[in-house]
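Take the sequence shown: its position 185, counting from 1, is numbered 185 in the UniProt record's numbering, and each next residue is one higher.
Beta carbons are placed, not taken as given, at the ideal position from N, Cα and C, and that holds for glycine.
Predicted, not measured: the structure shown is a model, and the values here were computed from it.
To start, the structure under review is shown below, and the notes come after it.
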Amino acid sequence: NAPSLLSGSRSSKTFKPKKNIPEGSHQYELLKHAEATLGSGNLRQAVMLPEGEDLNEWIAVNTVDFFNQINMLYGTITEFCTESSCPVMSAGPRYEYHWADGTNIKKPIKCSAPKYIDYLMTWVQDQLDDETLFPSKIGGCGAVSRDGPSWLSHALIPACPCVPGVPFPKNFMSVAKTILKRLFRVYAHIYHQHFDSVMRLQEEAHLNTSFKHFIFFVQEFSLIDRRELAPLHELIEKLGSKDR
């Protein structure tokens with residue numbers, strides 16, 4: 001697997017199964033490019049679309065990576081995020097989230113944070129596994145071995161005449177924005193309700209680096225409305241000011 005920002009984390013526990021991008025695929029090469037530029041320490045530069053690459057593909061690769069990062073970060077504090085400690089999904093006293101996915105749960109329901117995050121991460125997994133949203137053959141060749149998750153098993157190698165390419169759907173960007181908007185809420189809950197636990201576990205550097213990467217990415221491509229980011233507005237301003 002490609003290295004992760006969190007590869008040095010003390011905990012390897014994940015909340016949901018990790019999404020792997022198979023070696024040899026074009027998406028794997030993109031992920032390695034992202035990791036290499038992240039290593040330079042310039043996150044603003046690291047999130048920029050690499051020259052000659054497809055925007056949807058770049059957003060897809062990074063969305064999977066953020067899902068994996070948040071998966072691991074939340075996995076480190078699940079024992080502290082319980083029905084009793086977090087009876088509602090909140091990000092401080094002013095922000096409370098109710099769950100609806102528009103399909104299974106159409107009317108927003110009030111639920112505990114662990115239940116909400118389980119709904120949320122399961123929903124994101126379902127989107128990533130949906131071949132119509134995240135197609136596995138995008139101008140690709142069917143000769144690639146199947147050793148990863150279904151949606152990336154023939155992922156994104158340069159266009160080959162032997163298999164017609166399946167493009168990203170027209171609603172891909174809309175779905176990606178919703179995924180990222182919802183993943184932000186997990187960061188917001190961790191910062192507001194569980195940062196003391198993060199500190200005790202000495203995971204704050206991983207959390208801060210992951211969140212800064214996430215915020216710079218969504219800002220670069222205007223993927224989350226500013227109003228949705230309000231629960232962590234002060235932190236976002238602080239992180240951005242250090243790079244000016």
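Alpha carbon to alpha carbon, how far is residue i from residue j?
{"i": "Y97", "j": "F184", "result": "12 Å"}
{"i": "P108", "j": "D101", "result": "8 Å"}
{"i": "R146", "j": "W58", "result": "Low confidence applies here, because R146 scores a pLDDT of 32, under 50, leaving its location unreliable; read the following figure in that light. Answer to the nearest angstrom: the Cα atoms are 21 Å apart."}
{"i": "R182", "j": "M121", "result": "9 Å"}
{"i": "S210", "j": "Y116", "result": "21 Å"}
{"i": "L38", "j": "F67", "result": "17 Å"}
{"i": "D85", "j": "S25", "result": "Looking at the sequence itself, residue 85 is Ser, so the reference to Asp does not match. One C-alpha to the other measures close to 43 Å."}
{"i": "K177", "j": "I224", "result": "6 Å"}
{"i": "K110", "j": "E51", "result": "44 Å"}
{"i": "Q27", "j": "N104", "result": "31 Å"}
{"i": "E131", "j": "D65", "result": "18 Å"}
{"i": "P87", "j": "Q193", "result": "12 Å"}
{"i": "M48", "j": "E220", "result": "7 Å"}
{"i": "I179", "j": "R226", "result": "16 Å"}
{"i": "E23", "j": "P231", "result": "37 Å"}
Checking the sheet assignment: what are the DSSP bridge partners for residue i?
{"i": "Y187", "result": "For Y187, which the question treats as bridged, DSSP gives no partner whatsoever."}
{"i": "M89", "result": "Y97"}
{"i": "I109", "result": "W99"}
Counting C-beta neighbours from all protein chains within 10 Å, is the total for residue i 16 or more, i.e. buried, or is it exposed?
{"i": "E79", "result": "exposed"}
{"i": "T76", "result": "buried"}
{"i": "N71", "result": "buried"}
{"i": "H206", "result": "buried"}
{"i": "S90", "result": "buried"}
Grouping DSSP H, G and I as helix and E and B as strand, with all else coil, what is residue i?
{"i": "M121", "result": "helix"}
{"i": "C47", "result": "Per the sequence shown, residue 47 should be read as Val rather than Cys. Three-state DSSP puts V47 in coil, outside helix and strand."}
{"i": "T78", "result": "helix"}
{"i": "M72", "result": "helix"}
{"i": "F134", "result": "coil"}
{"i": "S25", "result": "coil"}
{"i": "N208", "result": "helix"}
{"i": "F168", "result": "coil"}
{"i": "F221", "result": "coil"}
{"i": "V61", "result": "helix"}
For a test of your reading of the model: does the CB of residue i fall under 7 Å from any non-hydrogen atom of the ligand ADP? Yes or no.
{"i": "I117", "result": "As for the ligand ADP, it is missing from this structure, which has no ligand bound."}
With contact counted as at least three CB pairs below 8 Å, one residue from each stretch, are the segment 192-205 and the segment 50-64 in contact?
-> no
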